[in-house]
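Residue 629 is where the sequence shown starts when you use the working numbering, and the numbers rise one by one after that.
All residues carry an ideal CB built from backbone N, CA and C; glycine is no exception.
None of these values were measured; they are calculated from a predicted model.
Let me begin by presenting the structure, written as structure tokens, before commenting on it.
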Amino acid sequence: MISKIDVLLGLQWGDEGKGKIVDVLTPDYDIIARFQGGPNAGHTLEFDGIKHILHIIPSGIFHKEKKNLIGNGVLVEPVIFKKEIESLLSKGVDAKLNLLISNKAHLILPTHRLIDAANETFKGSAKIGSTLKGIGPAYTDKVARLAMRIGDIMSADCLQMYNKLKESHIRYINSLGFTLNSFQIDGFSLEEYERLWFEALNTLKQFSIIDSEYYINDALNSGKRVLAEGAQGSMLDIDFGSYPFVTSSNTVTAGVCTGLGVAPARIGNVYGICKAYCTRVGSGPFPTELFDKDGEVLREKGREYGSTTGRPRRCGWIDLPALRYACMLNGVTHLVIMKIDVLNDFDEIKVCDRYEINGQDTERVPYDIVTSQIHPVYSSYRGWKQDISGICHYEQLPQAMKQYIDSLESKLGIKIAVISTSPDRKDTIYKDII
Ligand code: GDP
Ligand code: IMO
Ligand code: MG
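Given below as structure tokens:
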């Protein structure tokens, strides 16, 4: 029997809890595959008292019998990759046994990271708030047909290719008025970091580097179950996010086709992950952002500090126009609501049903989201004011919470399949059985 590829991705501005749910769903799959993004991602998994944050490696890695694939659409930064491998080893996980890498995935060079820093500094107050992992510059080189791919590290010309690209980066950095000493990379000079980078290539070479598009299609043809794991979120998509405050890849379902080499007709279920509220890290529009005590409560109770950079995340109420937009773009078949426990103590919970822009009501995300004065129009829900830890069945959840969930379901027109009530793998409630 031929299988379809299921997709799991974020519907908001990232950090929805994708890592946790991939880990929870992994037992149902044979292969977990990342299709875009790179070390800008930080996916947190918690189980058996262990907390682990993954950046480039797919979140199925803790399940030894499952394969994990870094697809061609992903960017690999060798030093960060090596650190992740070592960190997994310290937890008894040898990723060499079940991690495969596409030979067509692109490399992030040390100078890509310097360019990221130079671009952001040059932009001043208009900066994007990038994670400074070199994502924008590396995807820019990919599209400009200048970049290096994982397959190139095996080539005798590797050093020559590296130096040629580095030279062009230096010229660019100088053109912005900076020198190579203007910035550091994670506290290292370029020279020091380059040494670590080349050392890390040796780690990369120990992995199975494959034609992953054949691998995935052969697997699907033989009935294997594959889950594509998204990074970032739909509102950070390069085409549909709040441009230019976005990342540099297609984070939506369409990215699975190009980022793994599967045809559109092979897409199966699409699990859309969203928080019961909203967060955003970095700059850019955020219509429901709260600047009051409620925002602070969400941040502290939800431990809303970046998994990759440690920056405080901006917090606000759930935004249905943005969520509807994301569901439309992705063809979401199942919704997964995360962090509902963070709302436990609120007397009143708000939901943004639509926006008011220049006196007009709209349920659509406007083109000029960056410059528009958007006023969210809210409806209010009674809080449940109850600790929900330990509850495993939907029926046992407080009545007021079920009303809130039912209302989200009917306003979005999509079934809620899963509700997450803590960071831990075990605190996951199935509503509509998948
Ligand atoms: P990802 O990038 O989408 O994988 O999400 P992150 O890992 O960056 O951020 C999600 C954060 O919320 C992590 O710290 C998770 O451990 C935590 N988390 C996930 N699900 C829940 C939940 O249901 N309740 C609470 N309180 N925390 C959660
Ligand atoms: P996960 O996979 C949240 C944000 C950055 C910045 C913008 C561009 O953990 O959900 P980039 O480094 O790509 O140049 O940054 O996108 N950003 C994320 N925000 N979660 C992420 O990943 C993010 N990856 C990038 O903060 O605003
Ligand atoms: Mg994250």
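Check, Outcome
"For a test of your reading of the model: does the CB of residue 756 fall under 7 Å from any non-hydrogen atom of the ligand IMO? Yes or no.", "yes"
"Measuring straight from C-alpha to C-alpha, what distance separates residue 727 and residue 687?", "11 Å"
"Indicate whether the contact test is met: 3 or more Cβ pairs, each with one atom in the segment 936-943 and one in the segment 913-926, closer than 8 Å.", "yes"
"Would you tell me roughly how many angstroms separate the C-alpha atoms of residue 1016 and residue 972, rounded to the nearest one?", "8 Å"
"Please report the distance separating the alpha-carbon of residue 861 from that of residue 837.", "27 Å"
"Got a sec, what are the start and stop residues for the beta strand (DSSP E) residue 1017 sits in?", "No beta strand (DSSP E) contains residue 1017, which DSSP labels as neither H nor E."
"So does residue 670 have its beta carbon nearer than 7 Å to some heavy atom of the ligand MG?", "yes"
"Return yes when the C-beta of residue 921 is under 7 Å from any heavy atom of the ligand GDP, and no when it is not.", "no"
"Between residue 731 and the rest of its own chain, which residues show a CB-CB distance below 6 Å, the 5 nearest in sequence each way excluded?", "778, 779 and 837"
"Ordered along the chain, which non-local residues of its own chain (more than five positions away) have a Cβ less than 6 Å from that of residue 657?", "853 and 855"
"If the criterion is Cβ atoms closer than 8 Å, does the pair residue 968 and residue 1045 meet it?", "no"
"Any heavy atom of the ligand MG within a distance shorter than 7 Å of the CB on residue 1050?", "no"
"Are the Cβ atoms of residue 659 and residue 692 separated by less than 8 Å?", "no"
"Cβ of residue 642 within 7 Å of any heavy atom in the ligand MG?", "yes"
"What number of angstroms, rounded off, separates the C-alpha of residue 851 from the C-alpha of residue 962?", "22 Å"
"Would you tell me roughly how many angstroms separate the C-alpha atoms of residue 576 and residue 868, rounded to the nearest one?", "One cannot answer for residue 576 here, as it falls past the ends of the chain, which runs 629 to 1062."
"What is the residue span of the beta strand (DSSP E) that residue 675 lies within?", "671-675"
"Near residue 884, which residues of its chain fall below 7 Å by C-beta distance, leaving aside the five closest residues on each side in sequence?", "633, 635, 663, 856, 890 and 895"
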